[in-house]
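Asks: Have a look at this one before I ask anything.
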Amino acid sequence: MIGKNPSAAQSSSASAIAQNLPLENQSKLLLAITPRVSSPLQPLLDFRDSDIKFNLGSLMSTLRDSEHEGWVLAAYPDPKTSRPLIGAGFSLDLPVREHPQTDPLNPTPFLEPSSAQLWQAARLDAVRLQGILNQFDDDLAAWNKRNFQRKIRTHELTPDLTEEEATQLLRISAIQAVHNARAYCRQFDQLTGPQQMALSHLVFQMGVNLEEFTHFLGAINSDPAYREASLLPGETETDAQHWKNVQSMLIQSDWARRYSTRAIAVIAMFDPNYDRDPWAAERKVRVQVHPLYAHRHSNRRAASVKTASVTHKATAHPTHRS
Numbered sequence: 056m057i058g059k060n061p062s063a064a065q066s067s068s069a070s071a072i073a074q075n076l077p078l079e080n081q082s083k084l085l086l087a088i089t090p091r092v093s094s095p096l097q098p099l100l101d102f103r104d105s106d107i108k109f110n111l112g113s114l115m116s117t118l119r120d121s122e123h124e125g126w127v128l129a130a131y132p133d134p135k136t137s138r139p140l141i142g143a144g145f146s147l148d149l150p151v152r153e154h155p156q157t158d159p160l161n162p163t164p165f166l167e168p169s170s171a172q173l174w175q176a177a178r179l180d181a182v183r184l185q186g187i188l189n190q191f192d193d194d195l196a197a198w199n200k201r202n203f204q205r206k207i208r209t210h211e212l213t214p215d216l217t218e219e220e221a222t223q224l225l226r227i228s229a230i231q232a233v234h235n236a237r238a239y240c241r242q243f244d245q246l247t248g249p250q251q252m253a254l255s256h257l258v259f260q261m262g263v264n265l266e267e268f269t270h271f272l273g274a275i276n277s278d279p280a281y282r283e284a285s286l287l288p289g290e291t292e293t294d295a296q297h298w299k300n301v302q303s304m305l306i307q308s309d310w311a312r313r314y315s316t317r318a319i320a321v322i323a324m325f326d327p328n329y330d331r332d333p334w335a336a337e338r339k340v341r342v343q344v345h346p347l348y349a350h351r352h353s354n355r356r357a358a359s360v361k362t363a364s365v366t367h368k369a370t371a372h373p374t375h376r377s
């Protein structure tokens, strides 16, 4: 005779009891006895601020800045693909994507859920998402991409999300970027706070395309082939040399030339001394990304300092629009 499974018997008994309870209490009891199925997004839902060394809110604020992703509360077309974005560049219609972990030394799997899954993880209504997509398609057909961009600049678009809803969507997207940054970098937990934030920022902007930055990923993971290529025979790589090499791999990329403003800010954060003097770290990178611009900027700054010393008035700095 085969004995009964105690947990199965307990579940059956509890189900019978539930049938005799008021309707409002049945769901609570059944939820307690129903085995929980792990969601593919569970690592994102389990995120804690203590998992990282930087402030997630700081990353979100940077992404919202107009010098980076920007902040639009209505669906708008991607400048390249014309597909719908919202908030700080959140893609509204991405499917689930395969992104296998090919590094045998990194146990963290990549998470590439669909836009709809992230939308629901942000506690937004799925039916509402489809309505926004339908309206976007109608608007794009009626206005074309150029007029759509003009309406963004002149603030003519009717918001599809509230500020709070868009922030919820940005938060879950930023957490996904942090998770995948850990999947790209074996020693993510040993990075400094600014370095973790820089890598997470790169992942947020590039997504799966960061796989193409093989030299950068090889350098940040200290793969022997990339380490030896940057050293002379018999030379030992110091920590400063390592991070200078990591930065160099990004500085030499097309991404740094095309998105120089955000690239300078991100690459500078890989400097291990960034916390001590962020401006100095950015100056070093700016000189290498845009030597001529850096020279002119330095002259203007010197002139401003000279003027301030004569007039005793502080020079005002422009603010970025969110």
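Going by this note's numbering, the sequence shown opens with residue 56, and the numbers climb by one from there. Glycine included, each C-beta is placed from N, C-alpha and C at the ideal position.
1) CB-CB under 7 Å to L257, same chain, minus the five flanking residues each way: which ones, in chain order?
2) Counting beta carbon pairs with one atom in the segment 195–206 and one in the segment 114–128, are three or more of them shorter than 8 Å?
3) Under three-state DSSP, which class holds F145?
4) Tell me which residue opens and which closes the beta strand (DSSP E) that Y131 is part of.
5) Using the rule of at least 16 other Cβ atoms within 10 Å of the residue's Cβ for burial, across every protein chain shown, is D133 buried or exposed?
6) Beta-carbon within less than 7 Å of H345's beta-carbon, same chain only, minus the 5 sequence neighbours each way: which residues are those?
7) Does H210 pass the burial test, meaning 16 or more other C-beta atoms within 10 Å, or should it be called exposed?
8) Can you confirm whether the segment 187–206 touches the segment 97–108 when touching is taken to mean that 3 or more C-beta pairs between the two stretches lie within less than 8 Å?
9) What residue from P168, D244, Q260, G112 has the CA that sits closest to L99's CA?
10) For the candidate residues L173, R338, D332, whose alpha-carbon lies nearest to that of L225?
11) Whole angstroms is fine: what's the gap from Q97's alpha carbon to S146's?
12) Can you find the residues in the same chain that come closer than 8 Å, C-beta to C-beta, to V301, ignoring five residues on each side of it along the sequence?
13) Taking C-beta to C-beta, are F259 and S308 nearer than 9 Å?
14) Whole-angstrom Cβ separation of H154 and V263, contact assumed at under 8 Å?
15) In whole angstroms, what separates the C-alpha of A196 from that of S113?
16) With a threshold of 8 Å on Cβ separation, who are the neighbours of P327 within its own chain once the five nearest residues in sequence on each side are excluded?
17) Helix or strand or just coil, what does DSSP make of P214?
Replies: On the basis of the supplied data:
1) L265, V321
2) no
3) strand
4) 127–132
5) exposed
6) S315
7) exposed
8) no
9) P168
10) L173
11) 21 Å
12) F271, A274, I275, F325
13) no
14) 6 Å
15) 37 Å
16) T247, Q250, D294, A295, W298
17) coil
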